Amino acid sequence: MALKRTRAALEADLQAEQSPYAFYGTPLPPLDEDVRDDGSFVPIWKQEVRDEHGNKRLHGAFTGGFSAGYFNSVGSKEGWTPSTFVSSRQNRAKKAEQKRPEDFMDADDLREQEESRQLQTADEFAGFGSTELDATRRAGLMDILKTGGETMGVKLLKKMGWREGQGIGPKVRRKANLDESSAPGGDAEETYLFAPENPPMVAFIRKNDRKGLGFEGESRLESHNALQPTRDVEESDSFFGGRLAIQGKAQPPKPKEPRRGGLGVGPLNDTGSDDEDPYSLGPQISYNKTIGGDKKKKKKVKPEPTIASANPLLNSKPVFISKKVAAARGAGGFRKCRDGRLPLDGFILADGIMGLSISEKKYDPPVIPEDWKPAKEISSEKRDQSKYVSTADAAKASTLNPTSRAALLGEDQLPGKSIFDYMSPEAREKIVKLTGNANLPPALGEKAPKGYELPESQKRKDLWDLVPKLDKQIAAQALARAVSGWMPYQEDEKKRARYQTFLQVSAGTRSTLPERVEGSSTDEWVMEMQEFSRAAEVFKPMSGVMASRFTSSSTAPKIVSDAPDSAESGLSRPVEKPDDPAVAAAKIGMFGPMTRSTISFYPSRLLCKRFNVKPPENVQLDPGERPGAPSTEPGTRFQSAGFQAETGPKQLVSQDVMNQLLIDSLGYLPTADGLDPSASGPVNAPPPVVVEPERNDALEAERPGDAVFKAIFGSDDEDE
Amino acid sequence: MPRTVFPTRHIHTLKTHNGPVNAVTFSSSGGTYVLTGSSDRAIHLSRAAPNNSNSPTVVETTTPIQKYEAHGYSVLDIAVTADNARFASVGGDRQVFLWDVEQGTTTRRWTGHNSRVEAVQFAGDGDSVVVTGSADTTINIWDTRSSSYKPIQTLTEATDTVSTLHVHMGTYSIASGSYDGHARIYDVRMGTTTVDVLAHPVTSVRCSSDGNALLASTLDGYIRLLDRMDGKLLNAFGGEKGRNEKGHSYRNSELRVRSVFAMGDAVVLSGSEEGTAGAAAFAWDVVKGEVIAAVPVGEKVKAVSCVAWNEGAGDWAAGCSDGAVRVYG
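So the sequences go chain by chain: A and B. Read in order, the letters of the first sequence are residues 1 to 720 in UniProt numbering. Read in order, the letters of the second sequence are residues 1 to 329 in UniProt numbering.
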């Protein structure tokens with residue numbers, strides 16, 4: 001046994017030496033003294049089998065079996081055998097724990113039970129979709145949504161005092177109608193208030209005989225005797241199929257009535273199939289076989305309203321309807337006409353007849369004699385199609401113009417002249433181009449009629465009106481800058497010259513009209529002048545747009561107080577302005593200070609290292625200690641830096657003494673930036689920022705002479 | 001030996017690409033080779049001048065010396081180091097690739113842009129830094145020496161795609177042009193950013209070799225030469241003056257067309273969009289502003305999107321939208 005290591009020893013070994021391998025995946029839960037690892041080894045005899053409820057399931061089932069049956073099947077010692085129920089006054093039997101059937105079910109049973117529980121519409125409401133009641137439903141749309149129980153209408157009526165069996169309406173004062181036999185012509189006795197008789201339902205009597213409309217024949221007599229004028233037809237009333245079922249119970253069936261085809265099956269109804277028995281009888285219960293018993297029942301039923309669904313009990317009773325009857329009701333029954341109404345009394349739909357093969361021959365259309373010819377001839381066939389010209393085409397083909405038409409009609413020419421008569425050919429061309437209509441009258445270029453001619457001075461004045469008004473001051477200022485070479489339109493010298501002339505005219509130093517490009521129209525000339533005017537406005541120095549190019553000193557410290565990172569983004573804002581005058585200036589070709597702006601750039605130290613340059617001043621500072629000072633606005637930046645130094649912790653030694661000490665030790669006075677004094681000259685003397693509205697050095701600087709320009713870009717060869 | 005006449009003789013056609021050429025770069029010092037990047041997602045290394053350069057006819061080359069294929073989208077810009085050992089390329093796949101020229105494999109791939117990368121340049125001492133401009137409106141500066149996967153710095157001033165970059169190490173500055181109509185020059189030494197408003201999307205920026213002027217192409221059809229000192233316009237090329245007698249006129253209204261200085265900053269060379277008679281490359285005299293050459297590249301070519309001037313051999317290459325790179329000398 002010395003060779004065998006215990007498991008504990010093995011595990012200890014494994015933990016002791018760190019495994020050299022990298023592991024992948026979720027690690028096992030941490031080792032615990034009491035609890036074994038999930039994945040650790042457990043001998044079989046220690047393993048337990050439990051089901052999903054946590055019950056022990058394998059009670060030695062594989063080793064012998066008794067306990068399996070004992071525990072698993074029932075769950076009690078007694079199993080299925082009930083113990084004797086004993087309960088006395090002193091010792092009340094405890095109410096046995098109510099066991100649900102589920103408690104005795106296994107997984108399969110539970111699943112079956114789950115499956116058998118299906119949610120579905122109750123039959124009465126399964127109006128659509130179910131095919132169960134098809135046979136009866138086909139009779140009419142009204143059956144579709146019929147419910148078995150009390151309808152809402154009945155409920156409402158009951159709330160209003162109506163009771164089943166009564167008619168609807170105000171109460172009627174009449175004699176008591178005690179006996180049927182005494183009903184007609186009884187003596188005038190006491191009168192009582194009675195619920196009204198139910199109004200007779202409109203009956204749709206199926207007419208399938210060939211008697212005249214409304215002719216009732218002997219059946220009328222019959223019905224009078226029977227004291228039920230409408231009821232006898234109801235058996236064939238397919239529209240209210242449900243009612244038939246009710247009445248069918250109460251009424252003696254009329255098994256054979258040869259004159260009416262409703263119930264019996266005549267040869268016409270025979271579909272020829274043998275398998276269904278047309279006289280098949282339903283269950284006993286649906287037929288009344290004794291006449292006497294019927295009488296009594298009828299009495300009870302008599303005041304029954306004809307509303308079919310009034311009595312839910314009756315409706316829900318099973319009633320046998322033979323297949324044949326249902327089919328006949330469906331096919332030949334009262335169907336609505338195409339307009340949604342029922343056919344006229346005594347008529348049935350033609351489709352119904354079509355099914356009866358017997359009628360086909362009888363109503364054949366008359367046979368047309370073979371040699372018959374219609375008297376009317378179609379004349380259009382004889383017309384020559386090719387020569388047909390529509391009115392519109394004819395009008396198009398015509399070469400006449402309004403003038404010639406007027407001549408044909410003998411109309412006099414109107415005295416007025418067309419506007420085209422005064423137009424120059426160029427103006428006409430313009431209109432032709434714009435409208436795309438080349439068919440305009442010729443331009444005659446006539447002079448204005450005598451007396452209407454514009455005097456020359458007026459013409460000049462009109463042209464002057466076209467020249468856009470530019471403030472004299474602005475023009476003069478723009479001109480002053482133009483002298484120093486600060487001019488838009490540097491790409492186009494001629495245009496620049498025109499611009500200059502325009503400015504001179506606007507400034508009042510020139511009295512002639514501004515020049516125009518050779519061959520350009522007045523419109524183009526005016527457009528160009530408007531552009532010049534705008535350019536001069538943009539260029540207006542140190543007022544309006546131009547002033548916005550500068551940041552006033554009061555706003556600068558705010559930026560400084562920010563962190564250097566945010567200062568960078570804050571500074572770049574003016575450049576990104578959507579309505580930037582710089583863009584406007586660039587668009588008119590006025591490059592220079594207007595389009596130029598400088599912002600800080602904070603190259604990272606590594607970048608500076610890679611570029612092999614000393615980091616610029618603003619980067620050399622540690623951003624955590626002092627905010628960077630971009631070189632663009634030295635005044636404000638350094639001022640604020642100095643300001644911060646002053647508000648620092650109050651010195652134990654005064655500033656002057658400190659400075660003296662530093663100068664002694666270092667040889668120079670370190671500035672707030674901690675730089676070499678030569679590099680931070682401006683610190684000691686922050687130049688006051690003076691914004692002169694009338695003067696801008698950047699703007700008024702001389703343009704470098706051509707010599708400089710040539711020196712830079714002239715090729716070596718030219719120099720030689 | 002500087003030449004006095006702008007060379008316009010078509011000597012070589014590189015038909016190695018299947019898609020429009022977006023970037024053309026000569027190898028550094030000498031310019032024997034040319035690197036071309038195309039929308040067909042490949043970068044090709046070819047000889048700039050044909051082997052028999054004295055051939056009277058145009059030599060056509062169809063196979064490159066080396067193909068560099070790793071991009072999954074169009075290649076939009078290429079930059080070569082001064083020692084020709086490495087080059088960087090960017091494109092639609094939002095990554096910046098640093099290649100080893102000899103191995104033909106990428107040595108670094110930086111991921112950090114959120115949109116296509118439009119421009120790349122080497123910068124710093126010994127080309128230790130790669131600067132990239134992207135359609136995510138940022139400029140990222142990557143370190144080639146450390147193994148960090150993050151950029152050294154991200155410049156976020158632009159409000160639209162940064163379409164072009166140019167590093168001028170003489171002034172330690174990075175010039176950038178953006179579709180927001182601004183040209184920004186970041187001066188690393190001074191810690192300032194100079195913003196020039198051009199009012200139209202900028203498609204190309206170049207600093208003159210002395211660092212005093214900035215050449216900027218914009219989509220209004222002008223190439224402007226701005227004084228870097230004060231932002232004044234020194235000269236403008238294009239527009240009415242771009243028309244020559246053959247009917248070729250400089251156009252740049254919707255494509256990213258590059259322009260460069262040529263012949264020792266005496267000439268401005270630019271591609272162009274298709275005019276009335278096919279696209280052409282244009283050369284202007286810097287001082288006079290006149291067109292000194294309009295070189296048609298072909299009737300059916302829609303645009304010359306990029307040009308590169310090779311100071312060493314005095315020739316230049318034009319990358320065309322038909323997939324060909326034409327070398328003139």
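Ideal placement from N, C-alpha and C gives every residue a C-beta, glycine not left out. Just so we're clear, the structure is a prediction, and the values are computed from it rather than from any experiment.
Sub-8 Å separation of residue i and residue j beta-carbons
{"i": "R610/A", "j": "G124/B", "result": "yes"}
{"i": "A199/B", "j": "V583/A", "result": "yes"}
{"i": "V197/B", "j": "T595/A", "result": "yes"}
{"i": "V202/B", "j": "S178/B", "result": "yes"}
{"i": "V286/B", "j": "F502/A", "result": "no"}
{"i": "A277/B", "j": "E299/B", "result": "yes"}
{"i": "K158/A", "j": "P196/A", "result": "no"}
{"i": "T144/B", "j": "V129/B", "result": "yes"}
Run of the beta strand (DSSP E) containing residue i, from where it starts to where it stops
{"i": "T203/B", "result": "202-207"}
{"i": "I223/B", "result": "222-227"}
{"i": "E311/B", "result": "Element bounds for E311/B: n/a, residue is neither H nor E."}
{"i": "T435/A", "result": "Careful: T435/A lies outside any beta strand (DSSP E), inside the alpha helix (DSSP H) at 425-435."}
{"i": "K67/B", "result": "66-69"}
Beta-carbon separation (whole angstroms), residue i vs residue j, contact threshold 8 Å
{"i": "F122/B", "j": "V167/B", "result": "7 Å"}
{"i": "E254/B", "j": "L219/B", "result": "7 Å"}
{"i": "L606/A", "j": "I152/B", "result": "5 Å"}
Minimum Cβ-Cβ distance from residue i to chain B less than 8 Å
{"i": "K494/A", "result": "no"}
{"i": "I44/A", "result": "no"}
{"i": "P616/A", "result": "yes"}
{"i": "R610/A", "result": "yes"}
{"i": "G681/A", "result": "Since pLDDT at G681/A reaches only 39, below the 50 mark, its modelled position is unreliable, and no value is offered."}
{"i": "G705/A", "result": "no"}
{"i": "K587/A", "result": "yes"}
{"i": "K387/A", "result": "no"}
{"i": "F713/A", "result": "yes"}
{"i": "V583/A", "result": "yes"}
N-terminal and C-terminal residue of the alpha helix (DSSP H) that residue i is part of
{"i": "Q500/A", "result": "493-507"}
{"i": "S116/A", "result": "107-116"}
{"i": "S404/A", "result": "402-409"}
{"i": "I44/A", "result": "Premise fails: I44/A is in no alpha helix (DSSP H) and is neither H nor E."}
{"i": "V202/A", "result": "From DSSP, V202/A is part of no alpha helix (DSSP H); its letter is neither H nor E."}
{"i": "E712/A", "result": "Just to set this straight, residue 712/A is Ile in the shown sequence, not Glu. That run of the alpha helix (DSSP H) goes 706-713."}
{"i": "T391/A", "result": "391-397"}
{"i": "F591/A", "result": "Premise fails: F591/A is in no alpha helix (DSSP H) and is neither H nor E."}
Residue-chain proximity (residue i, chain A), Cβ-Cβ < 8 Å
{"i": "N140/B", "result": "no"}
{"i": "Y172/B", "result": "yes"}
{"i": "R189/B", "result": "yes"}
{"i": "T193/B", "result": "yes"}
{"i": "V162/B", "result": "no"}
{"i": "N252/B", "result": "no"}
{"i": "residue 343/B", "result": "Past the boundaries of the shown model lies residue 343/B; chain B is included only from 1 to 329, so the question cannot be answered."}
{"i": "G124/B", "result": "yes"}
{"i": "K288/B", "result": "no"}
{"i": "G133/B", "result": "no"}
{"i": "L226/B", "result": "yes"}
{"i": "A266/B", "result": "yes"}
Worksheet item: Looking at chain A, which residues of the stretch 146-157 of chain B have a Cβ within less than 7 Å of any of its Cβ atoms?
Response: I152, Q153, E157
Worksheet item: Quick one, which residues of the stretch 17-37 of chain B are near chain A if we go by CB-CB under 8 Å, in chain order?
Response: none
Fill in: Against chain B: residues of the stretch 594-607 of chain A by CB proximity under 7 Å
T595, R596, S597, T598, I599, S600, F601, Y602, P603, S604, L606, L607
Item to complete: Could you please tell me which residues of the stretch 194-209 of chain B, in chain order, have their CB closer than 7 Å to any CB of chain A?
Response: T194, V195, D196, V197, L198, A199
Fill in: chain B contacts made by the stretch 412-439 of chain A, where a contact means CB separation under 9 Å
none
Discussion item. Along the stretch 85-102 of chain B, where does the CB come closer than 9 Å to a CB of chain A? Name the residues.
Written reply: none
Worksheet item: Using Cβ-Cβ distances below 9 Å, what residues of the stretch 66-82 of chain B are close to chain A?
Response: none
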